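Protein chains in written order, with the numbering used here: chain A, 663 to 771; chain B, -6 to 256.
To keep things clear, I will list the structure first and then write my remarks on it.
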């Protein structure tokens, strides 16, 4: 009994194939973003950038990026609740995510 | 029903002993849906901090964190740890330079994303990477490979310019799986740090230093010890303390003769 098939166990995803290595795109709520740049600074994967005119800058995900680990450091530092990753990264083959449910805030039981 | 007799050792029921000796302890009641207590808050709000203020952390605060680390549980109480605390910016920079150089070499030789698709270099590195991927799938996971290349390109730091770096040295003769004990010890340290207003980050790339004889001498890393992990410590930039969303994980719940899958 195994959760990964024989083929999956032998398949290591291509690092430069976005269909094999799915790094999640964080969602930015533009209305709430005040362009403070803290998320850009703390992102470990260098995924974010500011854009727009001076005074009305907003954060966004770069056109080309690699390695967003859905760590949600951007969500942790945002004072306006304007940014968050809502899904984990996922891969095909050997590294396919297993046994995960929905993303969730801390739940009280 | 839970049967106390079934777990009786040496013919004694521990709960009866407790009652007979008059030292019966209270059972802590936690109401359903209660607020997080202080310890839970610390655990939920701790993030890996990679941007620090310049200010150094007072020595006594670091000593305090290590003191908590000393009380971590370990297999057979073997306590397979030893610490190296580095607080000189020049030394940390030297460690950084060495690890960055190692990342450069590895990235150049293994990360085919560096080369245009269809090129010979891409083909060559990809073939090599696929082989190494099979040999050590834990190391060549796509996430650390991306980090390694980001470090090689100067977009990411190894020790994050932190004012203090704690190296966790592991006694390789530790009982069972000493890596786990190091993880538990370090968890005590980082949670204590969070409760003291400090930010921390685990640095796995610090293991590269084991490969340098010069750095092992400078840091005092000798067999049977090796660098298992490092923890950077400093005051975080901003307030990275907001609660965040995370994956939920499968929980198999076996109770009342049934098995239920929860998340």
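Just so it is clear, CB atoms sit at the ideal spot from N, CA and C, and this is done for glycine as well.
Please read all numbers here as calculations on a predicted model, not as lab measurements.
Roughly how many angstroms separate the alpha carbons of residue i and residue j, rounded to a whole number?
i: residue 193 of chain B; j: residue 49 of chain B; result: 13 Å
i: residue 755 of chain A; j: residue 110 of chain B; result: 21 Å
i: residue 674 of chain A; j: residue 106 of chain B; result: 15 Å
i: residue 73 of chain B; j: residue 52 of chain B; result: 23 Å
i: residue 6 of chain B; j: residue 20 of chain B; result: 17 Å
i: residue 75 of chain B; j: residue 212 of chain B; result: 12 Å
i: residue 257 of chain B; j: residue 254 of chain B; result: Outside the displayed range of chain B (-6 to 256) lies residue 257 of chain B, so it cannot be described from this structure.
i: residue 608 of chain A; j: residue 26 of chain B; result: The question about residue 608 of chain A has no answer, for chain A in this structure spans 663 to 771.
i: residue 766 of chain A; j: residue 242 of chain B; result: 10 Å
i: residue 64 of chain B; j: residue 122 of chain B; result: 41 Å
i: residue 176 of chain B; j: residue 715 of chain A; result: 46 Å
i: residue 116 of chain B; j: residue 724 of chain A; result: 27 Å
i: residue 683 of chain A; j: residue 200 of chain B; result: 26 Å
i: residue 150 of chain B; j: residue 92 of chain B; result: 9 Å
i: residue 178 of chain B; j: residue 734 of chain A; result: 25 Å
i: residue 159 of chain B; j: residue 87 of chain B; result: 15 Å
i: residue 23 of chain B; j: residue 62 of chain B; result: 27 Å
i: residue 738 of chain A; j: residue 37 of chain B; result: 11 Å
When you compare the CB of residue i with every CB in chain B, is at least one pair closer than 8 Å?
i: residue 761 of chain A; result: yes
i: residue 744 of chain A; result: no
i: residue 767 of chain A; result: yes
i: residue 709 of chain A; result: no
i: residue 726 of chain A; result: no
i: residue 680 of chain A; result: no
i: residue 704 of chain A; result: yes
i: residue 755 of chain A; result: no
i: residue 700 of chain A; result: yes
i: residue 716 of chain A; result: no
i: residue 740 of chain A; result: yes
Along the chain, where does the alpha helix (DSSP H) containing residue i start, and where does it finish?
i: residue 730 of chain A; result: Per DSSP, residue 730 of chain A belongs to no alpha helix (DSSP H) and is neither H nor E.
i: residue 88 of chain B; result: 82 to 103
i: residue 206 of chain B; result: 206 to 212
i: residue 172 of chain B; result: 171 to 188
i: residue 110 of chain B; result: Unbroken run through residue 110 of chain B: none, as it is neither H nor E.
i: residue 194 of chain B; result: No alpha helix (DSSP H) holds residue 194 of chain B; the beta strand (DSSP E) holding it covers 192 to 196.
i: residue 58 of chain B; result: 52 to 62
i: residue 671 of chain A; result: 668 to 672
i: residue 700 of chain A; result: 700 to 704
Just checking: is the beta-carbon of residue i within a distance shorter than 8 Å of some beta-carbon in chain A?
i: residue 139 of chain B; result: yes
i: residue 126 of chain B; result: yes
i: residue 234 of chain B; result: yes
i: residue 149 of chain B; result: yes
i: residue 224 of chain B; result: no
i: residue 37 of chain B; result: yes
i: residue 47 of chain B; result: no
Buried or exposed for residue i, please, with buried defined as at least 16 other CB atoms from any protein chain shown within 10 angstroms of its CB.
i: residue 156 of chain B; result: buried
i: residue 32 of chain B; result: exposed
i: residue 152 of chain B; result: buried
i: residue 244 of chain B; result: exposed
i: residue 113 of chain B; result: exposed
i: residue 751 of chain A; result: buried
i: residue 246 of chain B; result: exposed
i: residue 214 of chain B; result: buried
Where do the ends of the beta strand (DSSP E) carrying residue i lie?
i: residue 220 of chain B; result: 218 to 227
i: residue 37 of chain B; result: Note, residue 37 of chain B: premise wrong, no beta strand (DSSP E); alpha helix (DSSP H) at 31 to 38.
Please confirm whether any heavy atom of the ligand FMN lies closer than 7 Å to the CB of residue i.
i: residue 153 of chain B; result: Here there are no bound small molecules, and the ligand FMN is not part of this structure.
Item to check | Validate contact between the region 122 to 134 of chain B and the region 165 to 178 of chain B using beta carbons, cut 8 Å, 3 pairs | outcome: No, the region 122 to 134 of chain B is not in contact with the region 165 to 178 of chain B.
Checklist entry - Does the region 214 to 222 of chain B come within contact of the region 90 to 103 of chain B, defined as at least 3 CB pairs closer than 8 Å? => result Result no; under three Cβ-Cβ pairs closer than 8 Å.
Next on the checklist: Does the structure place the region 38 to 53 of chain B close enough to the region 700 to 709 of chain A that three or more beta carbon pairs sit under 8 Å?
Outcome noted: Counting Cβ pairs under 8 Å, three or more are found: they touch.
Checklist entry - Would you call the region 689 to 705 of chain A and the region 733 to 748 of chain A in contact, with 3 or more CB pairs under 8 Å? => result The region 689 to 705 of chain A, when compared against the region 733 to 748 of chain A, does touch it at the 8 Å Cβ threshold.
Next on the checklist: For the region 676 to 690 of chain A against the region 730 to 739 of chain A, do three or more pairs of beta-carbon atoms, one drawn from each stretch, fall closer than 8 Å, so that the two count as touching?
Outcome noted: Touching, yes.
Checklist entry - How do the region 228 to 248 of chain B and the region 178 to 194 of chain B stand: do at least 3 beta-carbon pairs fall below 8 Å, yes or no? => result Using a Cβ-Cβ distance cut-off of 8 Å, the region 228 to 248 of chain B and the region 178 to 194 of chain B are in contact, since at least three pairs of beta carbons, one from each stretch, lie closer than that value.
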